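A.B. asks: First residue of the sequence shown: 1010, per my numbering; consecutive thereafter.
Here a beta-carbon is modelled for each residue, glycine too, at the ideal position from N, C-alpha and C.
Only a predicted model underlies this, so the values are computations on that prediction, with no experimental measurement involved.
Sharing a structure, written as structure tokens. Questions coming.
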Amino acid sequence: MKFEDSKYSKRFAYKKEVFPFGTLYLTKYFIVSELNEGVHVDYTIAGEIISRCSKYVHKGDKISYIANRYNSYSFNPQIWVDFNNEYDFLIATAIVSYSNFSHLNASLEKQFFSKSLKRCKSLDEAINWVINLDEITKVTNQS
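Next up, the structure:
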């Protein structure tokens, strides 16, 4: 299921950022990426995503990232290692897999990610997991 077709697009205020390679949905608590079929996420694409997100994510913010992989695409897992070393706003990642192959790829990526990474079978499972993380519930309880 795509984010805009989900109940969460009505529940959470979000900004939509469209790229030639896919779309991001940025909420206060998480970012959902929905990338196009056949894309290979390399350092150039990762840099574009980070650059655009920096307009919305500020120093001290803590958010989660959800890769909603309803399309098949590839990802250079080394990016996670470099990202973890340079940025501290990301507290966790959820990867939504719609096929066994995608789930296998997510398992490989998990080896490169030093923070919490959950493999999910649905967007609903991923969003429920990230909004119930301790770091997020602390923020929502203070609001």
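Cβ of F1021 within 8 Å of Cβ of V1048?
C.D. replies: In this structure, V1048 does not lie closer than 8 Å to F1021 by Cβ.
A.B. asks: Where are the beta strand (DSSP E) runs, 3 residues long or more, that stay fully inside the region 1055 to 1114, in chain order?
C.D. replies: The region 1055 to 1114 contains these whole beta strand (DSSP E) runs: 1072 to 1078, 1099 to 1106.
A.B. asks: Along the chain, where does the beta strand (DSSP E) containing P1027 start, and where does it finish?
C.D. replies: Reading the sequence as shown, one finds Val at residue 1027 and not Pro. Residues 1024 to 1028.
A.B. asks: Among all the DSSP beta bridges, which residues are the ones paired with G1031?
C.D. replies: Answer is F1028, L1044, bridged to G1031.
A.B. asks: Distance, Cα to Cα, K1037 vs Y1023?
C.D. replies: Rounded to the nearest angstrom, the two C-alpha atoms are 8 Å apart.
A.B. asks: Please name the residue in L1113, A1103, E1095, N1109 whose C-alpha comes closest to that of N1137.
C.D. replies: Considering only alpha carbons, the answer is A1103.
A.B. asks: Quick test of your reading: S1073 and F1028, contact by CB under 8 Å. State the CB separation rounded to the nearest angstrom.
C.D. replies: Actually they do not touch by this definition, with Cβ atoms about 20 Å apart.
A.B. asks: For L1126, which of helix, strand or coil comes out of DSSP?
C.D. replies: Residue state, collapsed to three classes: strand.
A.B. asks: Just list the residues that DSSP pairs F1039 with in beta bridges.
C.D. replies: Note: F1039 sits in a beta bridge opposite S1073.
A.B. asks: CA-CA distance, S1131 and S1108?
C.D. replies: Near 11 Å, if we compare the C-alpha coordinates of S1108 and S1131.
A.B. asks: Give the straight-line distance between the Cα atoms of R1078 and N1045, rounded to the nearest whole angstrom.
C.D. replies: Roughly 9 Å between the two C-alpha positions.
A.B. asks: Measuring only the C-alpha atoms, how far is D1133 from K1127?
C.D. replies: Computed Cα separation, rounded: 13 Å.
A.B. asks: Going by beta-carbon coordinates alone, are E969 and F1012 separated by less than 8 Å?
C.D. replies: Residue 969 lies beyond the stretch modelled for the chain, which goes from 1010 to 1152, so this question has no answer here.
A.B. asks: State the Cα-Cα distance for the pair V1090 and I1059, rounded to the nearest angstrom.
C.D. replies: Roughly 15 Å between the two C-alpha positions.
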